[in-house]
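Undergrad: The working numbering runs 1122 ahead of the 1-based position in the sequence shown. Backbone N, C-alpha and C fix where the C-beta goes; we use that ideal spot for every residue, glycine too. Treat the numbers as computed from the prediction; the structure is a model and nothing was measured.
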Amino acid sequence: MRPDLLHEDEDHPLFHLDNVGFEIHGASILSNITVEIIDAGITGIIGPSGSGKSTLLRLLNKLISPSYGSIFFRGTWFGRIPT
């Protein structure tokens, strides 16, 4: 990742997901997720088996792309950040 994208930015959360969804083979895995994850503290992701926790983490790590919606890392749209 480019060093200029790693700087702390107090004006933006670490991650911001805006109406994010992920579908595969016609099945909706995540739908309409809007959340901010701040840079400080601990964030937990909980839910029953098959609720999309691993899919959400794969999205945040750029292993997959959302079917719709936008993800931002420190205010920068994920599409501009190299994998």
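Have a look at Met1123 and Leu1181 and give me their C-alpha separation to the nearest angstrom.
TA: Your numbering for residue 1123 matches position 1 in the sequence shown. Your numbering for residue 1181 matches position 59 in the sequence shown. Only weak support is given to the placement of Met1123: the predicted model assigns it a pLDDT of 49, under 50, and the value that follows is read from those uncertain coordinates. Computed Cα separation, rounded: 16 angstroms.
Undergrad: Which residue wins for smallest C-alpha separation from Thr1165, given the options Phe1144, Arg1202, Ile1203 and Leu1136?
TA: Taking the sequence shown and counting its residues from 1, the one referred to as residue 1165 is at position 43. Per the Cα distances, Leu1136.
Undergrad: Can you give me the C-alpha to C-alpha distance between Lys1175 and Leu1152, rounded to a whole angstrom?
TA: The count along the sequence shown starts at 1 and reaches residue 1175 at position 53. The count along the sequence shown starts at 1 and reaches residue 1152 at position 30. Going from the Cα of Lys1175 to the Cα of Leu1152 covers about 9 angstroms.
Undergrad: Does DSSP put Gly1191 in a helix, a strand or coil?
TA: Position 69 of the sequence shown holds residue 1191. If DSSP states are grouped into helix, strand and coil, Gly1191 belongs with the strands.
Undergrad: Over what stretch of residues does the alpha helix (DSSP H) that includes Thr1156 continue unbroken?
TA: If you number the sequence shown from 1, residue 1156 lands on position 34. That residue, Thr1156, is in no alpha helix (DSSP H); its beta strand (DSSP E) goes Ala1149 to Ile1159.
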